[in-house]
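Residue numbering for the sequence shown follows my numbering, beginning at 133 and increasing consecutively. Backbone N, C-alpha and C fix where the C-beta goes; we use that ideal spot for every residue, glycine too. The next block holds one structure in the form of structure tokens; read it before the comments.
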Amino acid sequence: MPRQNHFEEKTEAYYVGLMNSVGFRKKDLAKPVIGVVNSWNDVNPGHKPFRELAQTVKEGIWAAGGTPAEFTVPAPCDGIAQGEGMHYVLPSRDLIAGSIETMVRAHGFDGLVFCCSCDKIVPAMLMAAAALDMPCLFLTAGTMIPYCEAGQEFVTPDLKEAIGRRAGNSIDEATFDRWRENICFSGGTCAMYGTANTMGTFLEAVGLAPFYSTTMLFAAAAKVRQARDVGERIVALTREGAVFSQFLNDRTFANGIKYVSATGGSTNAVLHTLAIAKAMGSKLTLQDFDVIQASVPVIAKFKPSAKPNIYTYHQAGGVPATLYSIQSELYLDAKLAMGGTLGEYLQQADIHIDRSIIHSMDDPLHKGGCFSILSGNLAPLGAVVKKSGVESSMFHHKGPAVVFDSEEDVKEYLLQANVTKGSVLVIRYEGPKGGPGMRELSIPAAMLVGLGLHTSVAMITDGRFSGATRGPCVGHIAPEAWDDGPLSLVQNGDTIEIDLDKKSLTLHVDDAELERRKAGVKKPHRPLRGVLAAYRAAVSGAEQGALWMYKDD
Numbered sequence: 133m134p135r136q137n138h139f140e141e142k143t144e145a146y147y148v149g150l151m152n153s154v155g156f157r158k159k160d161l162a163k164p165v166i167g168v169v170n171s172w173n174d175v176n177p178g179h180k181p182f183r184e185l186a187q188t189v190k191e192g193i194w195a196a197g198g199t200p201a202e203f204t205v206p207a208p209c210d211g212i213a214q215g216e217g218m219h220y221v222l223p224s225r226d227l228i229a230g231s232i233e234t235m236v237r238a239h240g241f242d243g244l245v246f247c248c249s250c251d252k253i254v255p256a257m258l259m260a261a262a263a264l265d266m267p268c269l270f271l272t273a274g275t276m277i278p279y280c281e282a283g284q285e286f287v288t289p290d291l292k293e294a295i296g297r298r299a300g301n302s303i304d305e306a307t308f309d310r311w312r313e314n315i316c317f318s319g320g321t322c323a324m325y326g327t328a329n330t331m332g333t334f335l336e337a338v339g340l341a342p343f344y345s346t347t348m349l350f351a352a353a354a355k356v357r358q359a360r361d362v363g364e365r366i367v368a369l370t371r372e373g374a375v376f377s378q379f380l381n382d383r384t385f386a387n388g389i390k391y392v393s394a395t396g397g398s399t400n401a402v403l404h405t406l407a408i409a410k411a412m413g414s415k416l417t418l419q420d421f422d423v424i425q426a427s428v429p430v431i432a433k434f435k436p437s438a439k440p441n442i443y444t445y446h447q448a449g450g451v452p453a454t455l456y457s458i459q460s461e462l463y464l465d466a467k468l469a470m471g472g473t474l475g476e477y478l479q480q481a482d483i484h485i486d487r488s489i490i491h492s493m494d495d496p497l498h499k500g501g502c503f504s505i506l507s508g509n510l511a512p513l514g515a516v517v518k519k520s521g522v523e524s525s526m527f528h529h530k531g532p533a534v535v536f537d538s539e540e541d542v543k544e545y546l547l548q549a550n551v552t553k554g555s556v557l558v559i560r561y562e563g564p565k566g567g568p569g570m571r572e573l574s575i576p577a578a579m580l581v582g583l584g585l586h587t588s589v590a591m592i593t594d595g596r597f598s599g600a601t602r603g604p605c606v607g608h609i610a611p612e613a614w615d616d617g618p619l620s621l622v623q624n625g626d627t628i629e630i631d632l633d634k635k636s637l638t639l640h641v642d643d644a645e646l647e648r649r650k651a652g653v654k655k656p657h658r659p660l661r662g663v664l665a666a667y668r669a670a671v672s673g674a675e676q677g678a679l680w681m682y683k684d685d
């Protein structure tokens, strides 16, 4: 409940005095004090709009009779943090969650608005909200404006694939330079269905953010109005004592997973939903996730797995249109933080659906979900592939291994453009501990597509792939090589078989030979200090969400 008697308690004089010193009045502290958790910075396009949007949220809080109190957290951009910087991106998720929990518990806010957009920041804030279980709402910044050239729209993954196209000389230097300058056209989240927009729209699907908030353009006037609405609504939720777990629980979590699967979401959603579930105290496992996601067909796909971008999705009906289309598989009594239930909203709202983009369940793009959760002697604890982003001709692939011990090595190999068709590129020691930080291999995966090899060459790793990845790319292999998983035993020329329909990942080497190889395994020399050393010492496996906070005892 709001600290309406804080200024009357003699023991609270210190609190009141210090809050007075930063400009709050005694009567302000008698109102619900709402923490505005802002992830604004100048170097992340998905978060730069929050400088202004957070001010509008605060206006709404003041107008509704609350007192806004803003603080900030880090927000690295996955796209910028490639290479060495990528070691720090997944660890930042848990650091952000922990910093929020620390600030909120230390200062005792009554309610929270989370301003977040990008890959690790949305799940981090969800983890913190789950651990805190307070009244809260989420606001995303909206999407980047697509770049138009010669009647064609380009968004961020087109730039990554252009690296491979330039390496293969299918575009000239002038085109490459023009695309590099213009494809990332404005602020806002990249207008593709990567992790940022998968997790942003997940917020809408589970009722914690206003509908259409993620898919609208960041520059839309509606975004400003929406921010003010969120500020007003959080005050009402706080006065009602309506906490996070009333909106996100096991039933609504299932709604969110089904939504992600129906729209061909990011493989990182698997990692993040497992982590959020742990923070909630849920017993959700990787296998549970697979069962839930497989219960719905894929009815929509977006860049880079298909032509439509995220703003196209918005124009086609956005999240409400997808939920309307799969409502027979959802818990419609789920509460929405903005008011009412999901069923009531879907029944009453004027939802426009473009069926050329968002199909019905009777006319799916793929049956049986978006992902394949693989297992086998090469992945005893599981592995993840975005099946909806793979050409059907590559659902089954068997070929010789070409082994690399780092992302840098495979990128150099791909830049030489002499890859043997039919092979399986194995990138190991890039898992949560081995990397450390479970780097996403989005550029090597995009280069594979740019080189035209995604229909003949597969890529497997204990690291991650971007939500924007397409092609036969298997990630999250567990146990990872650093933990002596079978991936550490693979040698050049070994036959590896991937079968997405049978959900299997098999190394065709007999057990006796694998046992013999164990004595010769040598980990790369990667001495650590600081954050990464702490991360390696504490992080769990990918099959548990790669957590170093909120882990089971």
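Sixteen is the threshold: since fewer than 16 other Cβ atoms of the shown chains lie within 10 Å of the Cβ of Cys280, the residue is exposed.
With fewer than 16 neighbouring CB atoms inside 10 Å of its own CB, Leu660 falls in the exposed class. If you compare the alpha carbons of Gly320, Arg365, Ala670 and Met259 with that of Ser377, the shortest gap goes to Met259.
In the three-state reduction of the DSSP assignment, Tyr561 falls in the coil class, being assigned neither a helical nor a strand state.
DSSP places Ala511 within a strand segment (E or B) once states are collapsed to three. Three or more Cβ pairs closer than 8 Å define a contact, and the stretch 340 to 359 meets that threshold against the stretch 264 to 282.
With contact defined as three or more Cβ pairs closer than 8 Å, the stretch 331 to 340 and the stretch 387 to 407 are in contact.
Counting only runs of 4 or more residues that sit fully inside the stretch 393 to 425, the alpha helix (DSSP H) segments are 400 to 412 and 418 to 425, in chain order. Ala644 and Lys650 have their C-alpha atoms some 10 Å from each other. Distance from the CA of Lys158 to the CA of Asp486, rounded to the nearest whole angstrom, comes to 53 Å. Leu349 is bridged by DSSP to Thr275.
With contacts defined by Cβ atoms closer than 9 Å, Val175 and Ala201 do not form a contacting pair. Check the Cα spacing between Ser224 and each of Ile253, Asp626, Pro289 and Thr330: the tightest is with Ile253.
Asn381 places its beta carbon less than 9 Å from that of Met412. Counting only residues of its own chain and dropping the five nearest sequence neighbours on each side, Glu523 has a CB closer than 6 Å to the CB of Thr587. The shortest CA-to-CA distance from His446 to any of His484, Gln459 and Ser457 is the one to His484.
A distance of 9 Å or more separates the beta carbons of Leu185 and Pro206. At the C-beta level, Pro532 and Ser555 come within 9 Å of one another. Residue pairing of Ile630 in beta bridges, as defined by DSSP: His529 and Leu637. Taking 9 Å as the cut-off, the Cβ atoms of Val356 and Cys322 do not count as close. Here Thr327 is actually not in contact with Ser504; their C-beta atoms are around 18 Å apart, not less than 8 Å.
Just measuring C-alpha positions, the residue of Arg560, Val653 and Trp311 sitting nearest Gly607 is Arg560. In the structure shown, the three-state DSSP call for Asn301 is coil. Taking the Cβ atoms as the reference, Glu562 lies roughly 17 Å from Gly603, outside the contact range of under 8 Å. If you check the CB distance, Lys635 and Asp422 come in under 9 Å. The beta-carbon distance between Gly582 and Gly300, rounded to whole angstroms, is 6 Å. This is short enough to meet the 8 Å contact definition.
Met235: member of the alpha helix (DSSP H) spanning Val221 to His239, first to last residue. A direct Cα-Cα distance of roughly 17 Å separates Phe270 from His404. Within the stretch 142 to 229, the complete alpha helix (DSSP H) segments at least 4 residues long are 145 to 153, 158 to 161 and 182 to 195, listed from N- to C-terminus.
The residue among Gln358, Phe241 and Arg237 with its C-alpha nearest the C-alpha of Phe182 is Gln358. When rounded, the separation of the alpha-carbon atoms in Asp361 and Met235 is 25 Å. If you ignore the 5 residues before and after Gly475, its C-beta comes within less than 6 Å of the C-beta of Leu464, all in its own chain and listed in chain order. Per DSSP, the unbroken beta strand (DSSP E) holding Val245 starts and ends at Gly243 to Cys247. The bridge partners DSSP lists for Leu506 are Ala515. In the structure shown, Ala481 adopts coil according to DSSP, grouped into three states.
Closest option to Glu372, judged by alpha-carbon separation, among Gln479, Ala469 and Asn314: Ala469.
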